[in-house]
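Chemist:
Next comes the structure, spelled out in structure tokens:
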């Protein structure tokens, strides 16, 4: 697995806009319950995982700093801890070393960067509602991605990583959905 480092870097940094467009459409919508056996390369999976983790950790850091809702702040702190642990698990899975560097594009994908900018400009209840909505949507997509890779991915070690990480993502999603209900009712 050590040889994946350069491949991941190419997937994250060397992608052209056309590549990014095809990466975005590489996975069928799984929320419908329909599983379509469309190939998903290891490189695309890793690119999506690393970008999503980077975005979610930055957004959770903003929530930990900006939110006035104690339950949301607590969830944000847990998301940061869980994503940090998942990144260590991913590094160990790829290279055998939990301290190895995961290649990251210094710039988030445009859609994620725009969402992060929106969060940076919001405060109070507006921030909380937008954060919860973005994270709920993101965690649904993450859960679909991890389920899909576990069922169809070509790399057996990353399939195990996906299976091991999915319950954490689903736990965040349940907590986000509960927070969403409580924020809407207050």
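Numbering (my numbering), first residue to last: 2 to 187. Quick reminder that beta carbons are idealized off the backbone N, C-alpha and C, glycines included.
(1) Buried or exposed: residue 182, going by 16 or more other Cβ atoms within 10 Å of its Cβ?
(2) Which same chain residues, not among the five before or five after residue 87, have their C-beta less than 7 angstroms away from its C-beta?
(3) Taking a contact to mean a Cβ-Cβ separation below 8 angstroms, would you say residue 119 touches residue 131 in this structure?
(4) When the distance is taken between beta carbons, is residue 174 closer than 8 angstroms to residue 144?
(5) Would you identify the three-state DSSP class for residue 110, choosing helix, strand or coil?
(6) What is the DSSP secondary structure of residue 70, counted as helix, strand or coil?
(7) For a quick check, are the C-beta atoms of residue 140 and residue 91 less than 8 angstroms apart?
(8) Evaluate residue 57 with the Cβ neighbour count: other Cβ atoms within 10 Å of its Cβ, from every protein chain shown; 16 or more gives buried, anything less gives exposed.
(9) Considering only their Cβ atoms, is the gap separating residue 68 from residue 129 smaller than 8 angstroms?
Modeler: Let me lay it out:
(1) exposed
(2) 54, 166 and 169
(3) Yes; because the gap between Cβ atoms is below 8 angstroms, this pair is in contact.
(4) yes
(5) Of the three classes helix, strand and coil, the one that applies to residue 110 here is coil, per DSSP.
(6) coil
(7) no
(8) With 16 or more other Cβ atoms within 10 Å, it is buried.
(9) yes
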